[in-house]
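Notes for the one structure printed next.
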Ligand code: SAH
Ligand code: SF4
Ligand code: F3S
C-alpha cells in the first residue's frame, strides 16, 4: 500500500557523499509516498542538505532558510522544512534557535529516522533534532531499494574520518571512520546493475582507509579497498569502477597495483595533497610529505602511464610564506594534473588551525589562488588536448545540451559530447576526439566499444 503522493524537494551542496545521502533520503521517503520535484514552490517537504566545509557555504544556508520561510508561510503551514547534513550536525541547535520555521534537523547518520521525525512533527510532539552518531545502524536501516538515474551511480562504502587535518570540520561532522561490510556493498552493487548501472563510484571521506569484513571469504576479517575493488570487478554487467576521495597516507601498494591489473578500474585518481610545502603539510597534520606524494604518483604512472591525476589545494593556510606557496606551484608543475580543485583557506571555528597565529591576509590568498588556478587551468586544457586524435571509450550518460548530441564520460572522467542518437544512452561507445577545451572534449562516434574498456 502506498500513501497519497507528496512532493519532496531536496537541495544538495558539497561533496559526492552528500549527493549520495540525498539520493538515499529519497529512497527512505519513497515508501511514504514522496516523489521528487525540482522546485520548492509546491513541495510538501523541503530538505536542505548543505555543506559545512567553508564558511560561505554555511552562511548561505541561513539566507536560503529565510526565503523558504516565506514560501512555507504562503503554503498555509503545509510545507515541512528540514535541514540535514554536515551543517545540521555542527549547528543543529543554532539552526533551531535562529530559524523557528525549521521543523526538523537531522545529522548525516540519522537519515533512516526521517519517517519517524516527520511523524513526530505531524503529532507536534517529541525531539526534532537528531544528531546521534549511529552509522552502522543507519546503513542497516536504509532500504535496500535504490532509485537510479542513468548508467553511473555512487555507492558509499566508508564514512567518517580519523585524520583530523587541522583545517577541516569533517571528523566532527561525520564522526569516526566506519566501513560497510563487503556483503552489503555487493548487494547494493548488484541492485544498481540490475537497474541499468554500468559504472560505480565507490565513496568515502577516506575511501582508501576502507577496512571492511568479508564474511566467508578468504582473509575476510579485514579487507582493504584494493581487495574490495578486485572482488567487485568480478560482477558481470559492471563495466567501470572508480573511487573517491583518497588520502595519500592510505595509498597502499596493492591499491596502486590494482590500476595495472584490474581492467575495470578506471585510470583516474583523485588524490588531494592540499599544499606542496612540507612545513605547511606538517602544520596541516596531513601525515605525509610532498616527496611521499610524488613517489605514489610516480609509481602509479609506472604501472598505468595514462592515469589522470587530480587533487585539492588550499592556499593561504596560516603561516604560509611566499616560499611555501612557491613549493606548491613547483609541485603542481612536477605532477602535471588533469584537473584540480583549489580553495582559499577558510577558518572553521573549533578546528586547530582557526586559532593559529599568522593568518594570511585575504588579498594575499586571492593573489595566490589566481596564480595557482591559472596554472591548473593550463594543465587541464593541455590534458584535454592530449586526447585529440585518439579514439576513446565513452560511457554515454544522456543527451548533451546541443540538439542531436549525446554526452558521456571518458575513462579519465572528461565530459564528452558527440553527434549521436538517444538510443546510445547507457552504452559504451568509441569516440574519436577532435577538439578539446578547458572543460570538455568533443568528437565523432567511431564504433560501439567492447564492454569494460
Ligand atoms: N577527505 C578529503 C577531503 C574532504 S574536504 C581529503 O582528505 O582530501 C574537500 C576539500 O575541501 C579538501 O580536500 C580541502 O581542499 C578543502 N577544505 C577542507 N577544509 C577547508 C578549509 N577550512 N578551508 C578551505 N578549504 C578546505
Ligand atoms: Fe578533512 Fe583531512 Fe579528513 Fe580529508 S583527511 S576529511 S581533509 S580531516
Ligand atoms: Fe561538506 Fe560534509 Fe562533504 S562538510 S564536503 S558535505 S562531508
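Residue numbers (my numbering): 205 to 657. Glycine included, C-beta positions come from ideal geometry on N, C-alpha and C.
For residue 544, the uninterrupted beta strand (DSSP E) run begins and ends at 543-548, by DSSP.
Checking the DSSP bridge columns, you'll see residue 621 partnered with 611, 646.
The Cβ atoms of residue 343 and residue 398 do not sit closer than 8 Å to each other. By DSSP's assignment, residue 224 forms no beta bridge with any residue. With a cut-off of 7 Å, the C-beta of residue 218 is classified as near the ligand F3S, since at least one heavy atom of the ligand falls inside that distance. 435 is the residue among 435, 256, 410 whose C-alpha sits nearest the C-alpha of residue 422.
Going by DSSP, residue 241 is part of no alpha helix (DSSP H) at all; its letter is neither H nor E. Put simply, of 310, 352, 227 the residue whose alpha carbon is nearest the alpha carbon of residue 333 is 310. The C-beta of residue 561 has fewer than 16 other C-beta atoms within 10 Å across all chains shown, which makes the residue exposed.
In the three-state reduction of the DSSP assignment, residue 397 falls in the helix class. Counted as a single uninterrupted DSSP element, the stretch harbouring residue 474 is not any alpha helix (DSSP H) but the beta strand (DSSP E) occupying residues 472-474. Look at residue 590 here: in three-state DSSP terms it is coil, with no helix or strand label. By the criterion of a C-beta distance shorter than 8 Å, residue 455 is surrounded in its chain by 412, 475, 500, once the five residues flanking it on both sides are discounted.
With contacts defined by Cβ atoms closer than 8 Å, residue 414 and residue 361 form a contacting pair. Nearest in C-alpha terms to residue 508, of all of 470, 515, 488, 522, is 470. Scanning 215, 464, 241, 570 for the CA closest to the CA of residue 505 turns up 464.
Annotation: residue 628 is outside any alpha helix (DSSP H) and is labelled neither H nor E by DSSP. Here residue 439 really is in contact with residue 394; their C-beta atoms are around 7 Å apart, less than 8 Å. Between the ligand F3S and residue 257, a heavy atom-to-CB distance of less than 7 Å is present.
At least one heavy atom of the ligand F3S is found less than 7 Å from the C-beta of residue 289. Going by C-alpha positions, residue 458 is about 27 Å away from residue 224.
Linking residue 634 to residue 537 through their CA atoms gives a straight-line distance of about 31 Å.
In this structure, residue 361 has its beta carbon at no less than 7 Å from each heavy atom of the ligand SAH.
For residue 597, the uninterrupted beta strand (DSSP E) run begins and ends at 595-603, by DSSP. Going by beta carbons, residue 348 and residue 404 fall outside the 8 Å limit.
By the beta-carbon neighbour count (other beta carbons within 10 angstroms, threshold 16), residue 528 is buried. Nearest to residue 564 by alpha-carbon distance, out of 549, 517, 277, is 549. Where residue 403 is concerned, the enclosing beta strand (DSSP E) starts and stops at 403-407.
Here residue 642 is exposed. Its C-beta has fewer than 16 other C-beta atoms within 10 Å.
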